[in-house]
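Numbering (the numbering used here), first residue to last: 38 to 732. We put the CB at the ideal spot given by N, CA and C, even for glycine.
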């Protein structure tokens, strides 16, 4: 409670409490008035579900076999999400192991997760993960030995003969055709809508010679194929010998890297978070580095109804070309490179994942490319060469539709294409796109556009003119490409897996330990339920240790933490004294803008089979002022103490939990409703996060 008040006690108890030495002597323990507690809570929460146990945690255990395809495995972890390029992945438990060892880990999963990740970690901090259900009892990372041997045999059956891979006649790219048209008139025009209707817009961006010699190459069909590979429609492919690999885990890796929906159910804007922060972008301008082996890719998903308009091309160049060039100079260099067919897209089938085909992307040498040339005998792009990708999207063979265009992983190559109103232009940030003065036609008369929206709308925090439209990330010893072929910045239109031929380049992985916040009311009979009178934070450091941190105290009463076995710190004195505050004269970390107090921590040894939640349930708060103890409530009792996962942000001073978290009252009245209430707080009613910026 926040107000100073008189506490009614018997004369004997009052005398005893006032005379005792609080830090050293035994405490008086007066029972809570359960009727008063219940009536007070009813005014705020209504009728509490009689089966409500106030748990937002799923307890479980899993036997993990540390047999991932990694050298020098030294640790296994259980995580909430994929740790690759994902700051929202939290460690639920971990243990030190050696390769092949089995270990049982207990975990406390936030109830919003029914699928978790097991991870093996090597000495060089490389992660290899696999998903499992909270209902599973065991997880391992490798398939049975006989299946693995059969698959390895299939994968080494060889590649097609280089002499069978013969380049046909080149075709000009859409960029080249538009540059050609612009050279003649000084501009070209294209319809706004994909069906050839709508406003007719005028473009001068291609009015230079830089794209004129942009040619696309593909091998000619070979009826008999070669060594089990089909060579048809410009593609070189075979049945993927690895198609029995763990496709479920791959789907979850992509799902966390590319969230499809935002908090409001719309398409998520992924581009900034996934593209410009990666090592591929920072070190190699969104290019791969060849490892000297044949380059193969596996299409995983076409999450677009326009996938059959797409065709993926690749190019390569020596690494020294990256040195000393500005982005503009590198773009001019790449424009003149030959681009070779990798795969043809296909119409999406509701986001389904497939990995049934493997495609070969051969090396054709560095000399002048001509029709009739064959692939180089090794098929492998030389080690150290840089490899880039482009998607050409064409609904028809003309340049008159805005949907037709070429998009690259190297952003400066997208400058012209991003001007196309009705499609690519819509992915640009409002601040950027509204700076552009565009000319359109009406009844053959040129007009200056005053519009600030387009056929598909404009994007908040969208792209700039030279933003990449292909993202790259690595996970589980694989590398993936994700494409944005249109206007929504979702980057999930196509997902491809690089099966071999490139160096892995992992971004650093340092997931935080999952946290659990325990909140107490100090006087349940008259509680205001701002849940910040005592706030503790627990994190599991490993399978044998837990760290408990006192982070806040919004009470005037004298309070003491109880139940921490063998405590050397947190259970040794009154709560306010840890922060040099006199009870009744100030609060600790509950008022925004007030002085920040550094939290106080202590590490405890725990049994490997004890969960964090069960450990915290043994903790209580003794109110020295009232002589009463506050423990975790039993089933159906009011929530005068709760344990909440995911670094829960407790309410600010004098703001009730139902004001800070409106869904809490629904959950209180029905334990099966609004179970994710703790994810939906009102920002200005929550105390700032002191421990991370990820949530």
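The beta carbons of residue 648 and residue 176 sit no closer together than 8 angstroms.
Just so you know, the alpha carbons of residue 443 and residue 336 end up roughly 19 angstroms apart. Excluding five sequence positions before and after residue 462, the CB atoms of its chain that fall closer than 7 angstroms to its own CB belong to 455, 456, 470, 491, given in chain order. Between the alpha carbons of residue 388 and residue 70 lies a distance of about 57 angstroms. For residue 521, there is no enclosing alpha helix (DSSP H), as DSSP marks it with neither H nor E. At the C-beta level, residue 505 and residue 575 stay beyond 8 angstroms of one another. In the structure shown, residue 66 adopts coil according to DSSP, grouped into three states. By the Cβ criterion, the stretch 627 to 638 is in contact with the stretch 582 to 590, since at least three pairs of Cβ atoms, one from each stretch, lie closer than 8 angstroms. Note: residue 259 is bridge-paired with 268 in the DSSP secondary-structure output. Following the DSSP letters along the chain, one finds residue 145 inside the beta strand (DSSP E) bounded by residues 139 to 147. With a minimum length of 4 residues, the unbroken runs of alpha helix (DSSP H) contained wholly in the stretch 335 to 392 fall at 364 to 372. Only residues of its own chain outside the window of five on either side were considered, and among them 452, 455 have a CB closer than 6 angstroms to the CB of residue 502, listed in chain order. DSSP, read as helix, strand or coil, puts residue 462 in helix. The way I'd put it, the stretch 710 to 717 doesn't touch the stretch 593 to 609; fewer than three beta-carbon pairs between them come closer than 8 angstroms. Considering only 242, 263, 247, the residue with the shortest C-alpha distance to residue 202 is 263. For residue 293, the enclosing alpha helix (DSSP H) has its first and last residue at 284 to 294. By the neighbour-count definition (other C-beta atoms within 10 Å, threshold 16), residue 661 is a buried residue.
The alpha-carbon of residue 110 is positioned some 21 angstroms away from that of residue 282. The alpha carbon of residue 226 has as its nearest neighbour, out of 233, 232, 238, the alpha carbon of 238. Residue 553 is a Cβ neighbour of residue 653, given a cutoff of 8 angstroms.
Note on residue 66: under 16 other CB atoms within 10 angstroms of its CB, so exposed under the neighbour-count rule. Straight across, the Cα-Cα distance linking residue 166 with residue 157 is about 6 angstroms. Of all alpha-carbon atoms in 363, 340, 210, 508, the one lying nearest the alpha-carbon of residue 316 is that of 508. With fewer than 16 other beta carbons inside 10 angstroms of its own, residue 360 counts as exposed. Take the alpha-carbon of residue 209 and the one of residue 122: they are about 37 angstroms apart.
For the options 563, 348, 602, the alpha carbon positioned closest to that of residue 641 is the one of 602. Around the C-beta of residue 206, fewer than 16 other C-beta atoms lie within 10 Å, and the residue is accordingly described as exposed. For residue 170 and residue 397, the gap between their C-alpha atoms comes out near 35 angstroms. Burial check for residue 682: the Cβ neighbour count within 10 Å reaches 16 or more, so the residue is buried. For residue 246, the number of other beta carbons within 10 angstroms of its own is below 16, and it is reported as exposed. With respect to the 8 angstroms criterion, residue 724 and residue 564 are not classified as neighbours on the basis of their beta carbons. The C-beta of residue 691 has fewer than 16 other C-beta atoms within 10 Å across all chains shown, which makes the residue exposed.
Membership of residue 694 in the alpha helix (DSSP H) is indicated by the continuous run 694 to 697. The DSSP-derived three-state label of residue 450 is helix. Shown here for residue 87: same chain residues with a beta carbon closer than 8 angstroms to its own, the five before and five after excluded, namely 672, 673 in chain order. Three or more beta-carbon pairs separated by less than 8 angstroms are not found between the stretch 347 to 362 and the stretch 534 to 553, which leaves the two stretches without contact.
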